[in-house]
Amino acid sequence: EAQVTQNPRYLITVTGKKLTVTCSQNMNHEYMSWYRQDPGLGLRQIYYSMNVEVTDKGDVPEGYKVSRKEKRNFPLILESPSPNQTSLYFCASSPRQGGGYTFGSGTRLTVV
Amino acid sequence: GQQVMQIPQYQHVQEGEDFTTYCNSSTTLSNIQWYKQRPGGHPVFLIQLVKSGEVKKQKRLTFQFGEAKKNSSLHITATQTTDVGTYFCDYGGSQGNLIFGKGTKLSVKP
Numbered sequence: 010e011a012q013v014t015q016n017p018r019y020l021i022t023v024t025g026k027k028l029t030v031t032c033s034q035n036m037n038h039e040y041m042s043w044y045r046q047d048p049g050l051g052l053r054q055i056y057y058s059m060n061v062e063v064t065d066k067g068d069v070p071e072g073y074k075v076s077r078k079e080k081r082n083f084p085l086i087l088e089s090p091s092p093n094q095t096s097l098y099f100c101a102s103s104p105r106q107g108g109g110y111t112f113g114s115g116t117r118l119t120v121v
Numbered sequence: 617g618q619q620v621m622q623i624p625q626y627q628h629v630q631e632g633e634d635f636t637t638y639c640n641s642s643t644t645l646s647n648i649q650w651y652k653q654r655p656g657g658h659p660v661f662l663i664q665l666v667k668s669g670e671v672k673k674q675k676r677l678t679f680q681f682g683e684a685k686k687n688s689s690l691h692i693t694a695t696q697t698t699d700v701g702t703y704f705c706d707y708g709g710s711q712g713n714l715i716f717g718k719g720t721k722l723s724v725k726p
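Top to bottom, those sequences are chains C and W. Sequential numbering of the first sequence, starting at 10, is according to our numbering. Sequential numbering of the second sequence, starting at 617, is according to our numbering.
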């Protein structure tokens, strides 16, 4: 089944403890992206990647890192999480620029 | 920066009534996509519009792209309770990024 898989689905962590949210797609898509969704603010792009080793900042990149060493994986790294990074995170992929994205099921992160 | 304005923010309808949400941009868009997100779920891609004046239909859903490619609409005929959710538009930036509208949250009263 074609899908984008994120893990974990839920995570509660403490301020400053490094964490990684994994994202993997099995559709051989070139484009991948991370979003956070907050009430009243909608979906905001954190980082995106157009291909292996090609990444760029979205609208809200501060406090996040990404890497794209393989086409299928696009992990999101929070080196030192803070409470304002408590949010619902989505990973998404697309076969082409500007095309419809397939979203993962989301990761609900709480930083205390 | 680039953005799309999506209206209304909320819409409450009686089952069987029609529903329309609009996305408006101050600049010409190369394409626009529509997504639906059910409560507690993730955005699901519905359709992409590329051509000026394009109209596409999916059962009770009708999608339009304006002649000037600056606005788009999603119309649902005779809403059902299964239509509940938030409808987003987005357009692709020139570098592969996506810019989403803030969504229209639809509730349907049985």
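Cβ atoms here follow ideal geometry from the backbone N, Cα and C, with glycine treated the same way. Since the structure is predicted, the reported quantities are computational estimates derived from the model, not experimental observations.
Open item on the list: Any beta carbon from chain C within less than 8 Å of P659/W's own beta carbon?
Closed with: P659/W has a beta carbon lying within less than 8 Å of a beta carbon in chain C.
Task: Nearest neighbour of F99/C, chosen from P92/C, Y57/C, K26/C and T22/C [CA to CA] - done: F99/C has its Cα closest to that of Y57/C, out of P92/C, Y57/C, K26/C and T22/C.
Task: L690/W at chain C interface by Cβ criterion, 8 Å - done: L690/W does not count as touching chain C.
- [ ] Pick out the complete beta strand (DSSP E) segments inside the segment 669-710 of chain W, 3 residues or longer, and give them in chain order.
- [x] Runs found: 671-674, 677-681, 687-692 and 701-708.
Open item on the list: Do V666/W and S641/W count as a contact pair if the criterion is CB distance below 8 Å?
Closed with: Not in contact: S641/W and V666/W (Cβ atoms no closer than 8 Å).
Task: Separation of G682/W from W650/W, as counted between CA atoms - done: Near 14 Å, if we compare the C-alpha coordinates of G682/W and W650/W.
Open item on the list: Tell me whether the segment 80-87 of chain C and the segment 22-30 of chain C touch, counting them as touching only if at least three CB pairs, one residue from each stretch, are closer than 8 Å.
Closed with: Touching, yes, given that three or more Cβ pairs across the two stretches are closer than 8 Å.
- [ ] Find the residues of chain C that neighbour N627/W, judging by a C-beta separation of less than 9 Å, and give them in chain order.
- [x] Rather than Asn, the amino acid found at residue 627/W in this sequence is Gln. In chain order: nothing, as chain C lies at least about 16 Å away.
TODO: Measure the C-alpha to C-alpha separation of R77/C and Q34/C and round it to an integer number of angstroms.
DONE: Their backbone Cα atoms lie some 12 Å apart in a straight line.
Task: Cutoff 7 Å; reference Y19/C; Cβ partners in own chain excluding five residues on either side - done: Closer than 7 Å at Cβ, skipping near neighbours: R117.
Open item on the list: Quick check: is the beta carbon of T111/C nearer than 8 Å to any beta carbon in chain W?
Closed with: In terms of beta-carbon proximity, T111/C lines the interface with chain W, with at least one pair separated by less than 8 Å.
Task: Identity of the residue in S646/W, N647/W, P655/W and K686/W nearest D699/W by Cα - done: Checking every option, the nearest Cα to that of D699/W belongs to P655/W.
Open item on the list: Give me the chain W residues within the contact set of S76/C, using Cβ-Cβ distance strictly less than 8 Å, ordered along the chain.
Closed with: Ordered by position in chain W, no residue passes the 8 Å Cβ test against S76/C, which lies about 17 Å from the chain.
- [ ] Could you name the residues of the same chain whose beta carbon sits closer than 6 Å to that of W43/C, not counting the 5 residues immediately before and after it, in chain order?
- [x] Cβ neighbours of W43/C beyond the five flanking positions: I55, Y56, L85 and C100.
- [ ] Please confirm if S91/C has its CB atom under 8 Å from at least one CB of chain W.
- [x] It does not: the Cβ of S91/C has no partner Cβ on chain W nearer than 8 Å.
TODO: Below 6 Å CB to CB, which residues in the same chain sit around T119/C once its five sequence neighbours on both sides are set aside?
DONE: The beta carbon of T119/C is closer than 6 Å to those of I21 and T95 in its chain, skipping five residues each way along the sequence.
Task: Extent of the continuous beta strand (DSSP E) run through G108/C - done: If you look at G108/C, you'll find it isn't in any beta strand (DSSP E); DSSP assigns it neither H nor E.
Open item on the list: Can you confirm whether K718/W, when its beta carbon is compared against all beta carbons of chain C, has any partner nearer than 8 Å?
Closed with: Taking 8 Å as the threshold, the shortest C-beta distance from K718/W to chain C falls below it.
- [ ] Check the Cβ of L714/W against every Cβ in chain C and list those closer than 7 Å, keeping chain order.
- [x] Taking a Cβ-Cβ cut-off of 7 Å, the neighbours of L714/W in chain C comprise S42, Q54 and Y110, given in sequence order.
Open item on the list: Suppose you measure from the CA of Q106/C to the CA of K80/C; what does that come to, to the nearest Å?
Closed with: Q106/C and K80/C: Cα-Cα distance of roughly 15 Å.
Task: Proximity winner among G657/W, Q674/W, P659/W and I715/W, relative to K66/C (alpha-carbon distances) - done: Checked all of G657/W, Q674/W, P659/W and I715/W; the closest Cα to K66/C is I715/W.
TODO: For F99/C, decide whether its Cβ has a neighbour in chain W, counting only Cβ atoms nearer than 8 Å.
DONE: It does: the Cβ of F99/C has a partner Cβ on chain W nearer than 8 Å.
TODO: Under 8 Å Cβ to Cβ from K686/W, same chain only, skipping five residues before and after it: list those, please.
DONE: Answer for K686/W: N640, S641, S642, T643, T644 and L645, listed in chain order.
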